[in-house]
Every structure is written in C-alpha cells, then in structure tokens.
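These notes concern the structure reproduced below.
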Amino acid sequence: MTDARTVDEAYSSACNTDDLTVKAERRSDVDTLIASGMTPGLLGAALLRLHSEWDGTAKPRKLTETDARLLYGSLKTLPKVIDAVGQWASRKGYRDPYELAGGAVAYWLDCVCHACSGRGRELMPNASRPTLGNICRACGGNGRRRPPAGEAGKDALRLMDESVERARWSIKKRLRNSE
Ligand SMILES: [Zn+2]
43 MTDARTVDEA YSSACNTDDL TVKAERRSDV DTLIASGMTP GLLGAALLRL
93 HSEWDGTAKP RKLTETDARL LYGSLKTLPK VIDAVGQWAS RKGYRDPYEL
143 AGGAVAYWLD CVCHACSGRG RELMPNASRP TLGNICRACG GNGRRRPPAG
193 EAGKDALRLM DESVERARWS IKKRLRNSE
C-alpha cells in the first residue's frame with residue numbers, strides 16, 4: 043500500500059533539530075491542545091495534509107519571504123492548524139499566541155535559509171558557473187532560518203513534531219489492524 047509509505051516518509055521536521063526524538067508525552071501540552079478541540083493525532087493529521095498542500099504549490103526556485111506569504115493563502119488547512127496551535131499557545135500563556143502560531147507553522151513548512159537557499163554557502167560573485175564561496179552569514183552555514191519566537195517558538199515546533207509522530211503512529215496502527 044503506497045499510502046503507508048508516503049506517510050512514513052512524510053515530512054519529519056528537520057527544522058526542529060534541537061529535539062528530533064519524541065520524548066514521553068508531555069501531559070500538560072496534550073491537555074492544552076485538547077482544550078482547543080484538537081487531539082495530537084488530529085493536529086498531526088492536519089499538519090501532514092498541510093505539508094502535502096504546501097508541497098503541491100508551484101514555488102519559485104528561490105523562495106522569498108513575500109513569495110511564501112502569498113503561497114500560504116492557497117493552503118486550505120492552514121487556518122485550522124494556526125487556530126489550534128494559537129489556542130494552545132494562548133492557554134500556555136505565550137504572548138501574541140496567534141502570531142507565534144503563524145510564525146511557527148510557517149517555519150515548520152519552510153525552514154530553508156532564504157539568503158542561500160539552504161546551501162549554507164554564498165555563491166561566488168562573477169563566477170562563470172555556480173561556485174560555492176563563503177559561509178552564509180544569514181544562517182551561519184546550516185542552511186536553515188532561525189526558528190521564530192525563541193523558546194516559545196521551539197515549544198510550538200516540538201508540539202507540532204510530536205503531533206505528527208502521533209498521527210503517523212495511529213495511521214500505522216490502523217493499517218496493521220486492517221491487514
Ligand atoms: Zn543561509
């Protein structure tokens with residue numbers, strides 16, 4: 043079944059490199075999320091859908107912040123996800139919760155450094171063909187933008203990653219049960 047593989051290989055937030063392993067579930071986060079009408083599994087499923095919507099949009103080769111903002115308008119699942127993460131952030135007492143949610147979701151979708159397009163190096167000026175030069179000053183060479191909103195942003199990214207893990211896990215379980 044190709045679906046299973048797609049889900050399996052689906053986006054795992056390489057953006058959130060600080061914490062790639064899913065820790066034991068943090069009770070308070072889950073409660074806070076459920077209060078917004080979402081379970082981690084539901085949020086995770088919405089995030090996977092959102093990411094495939096994002097993958098399905100035609101993007102310019104070098105995506106700028108402005109391009110990205112325009113593209114967000116075409117993502118049907120985006121408002122739902124921002125609303126859930128925003129409610130979660132608000133209940134956790136984070137400042138500007140919906141702004142935080144918007145920034146974190148945008149980063150989750152696209153964390154590539156816009157200055158170097160993820161290469162981590164500047165291109166040599168005036169080279170006859172693309173040649174890598176100095177380390178990119180914007181990202182310090184890791185090819186990723188800086189996550190938004192400090193610790194609160196990281197917390198939101200972690201919530202999203204854990205929710206995606208949860209959704210994958212329950213999809214796998216469902217597939218196993220239907221065999
Ligand atoms: Zn860069």
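The sequence shown begins at 43 in my numbering and counts up by one. From the three backbone atoms N, C-alpha and C, an ideal C-beta is built for every residue, glycine too.
| Asked | Found |
| --- | --- |
| Are there 16 or more other CB atoms within 10 angstroms of the CB of Ala-88, so buried, or fewer, so exposed? | buried |
| Just reading off the beta strand (DSSP E) that Glu-91 is part of, what are its end residues? | The residue asked about is misnamed: residue 91 is Arg in this sequence, not Glu. Premise fails: Arg-91 lies in the alpha helix (DSSP H), 82-98, not in any beta strand (DSSP E). |
| Can you have a look at Gly-185 and say buried or exposed, based on whether 16 or more other CB atoms are within 10 angstroms of its CB? | buried |
| Taking the continuous alpha helix (DSSP H) assigned at Leu-113, which residues delimit it? | 107-114 |
| Just how far apart, CA to CA, sit Ala-194 and Tyr-136? | 7 Å |
| For the beta strand (DSSP E) that contains Leu-117, what are its first and last residues? | That residue, Leu-117, is in no beta strand (DSSP E); it is neither H nor E in DSSP. |
| So if I measure from each beta-carbon to every heavy atom of ligand 1 and keep distances below 5 Å, which residues remain? | Cys-155, Ala-157, Cys-158, Cys-178, Ala-180 and Cys-181 |
| For Pro-139, does the count of other Cβ atoms within 10 angstroms reach 16, so buried, or fall short, so exposed? | buried |
| CA-CA distance, Ser-78 and Leu-142? | 16 Å |
| According to DSSP, Leu-165 sits in a beta bridge with which residue or residues? | Leu-174 |
| Does the Cβ-Cβ distance between Gly-86 and Arg-200 come in under 7 Å? | no |
| Do Trp-150 and Met-202 have their C-beta atoms within less than 7 Å of each other? | yes |
| Tell me the DSSP secondary structure of Arg-179 in three-state form. | coil |
| Output needed for Glu-164: all residues of its chain with C-beta closer than 6 Å, excluding positions within five of it in sequence on either side, in chain order. | Gly-175, Asn-176 and Cys-178 |
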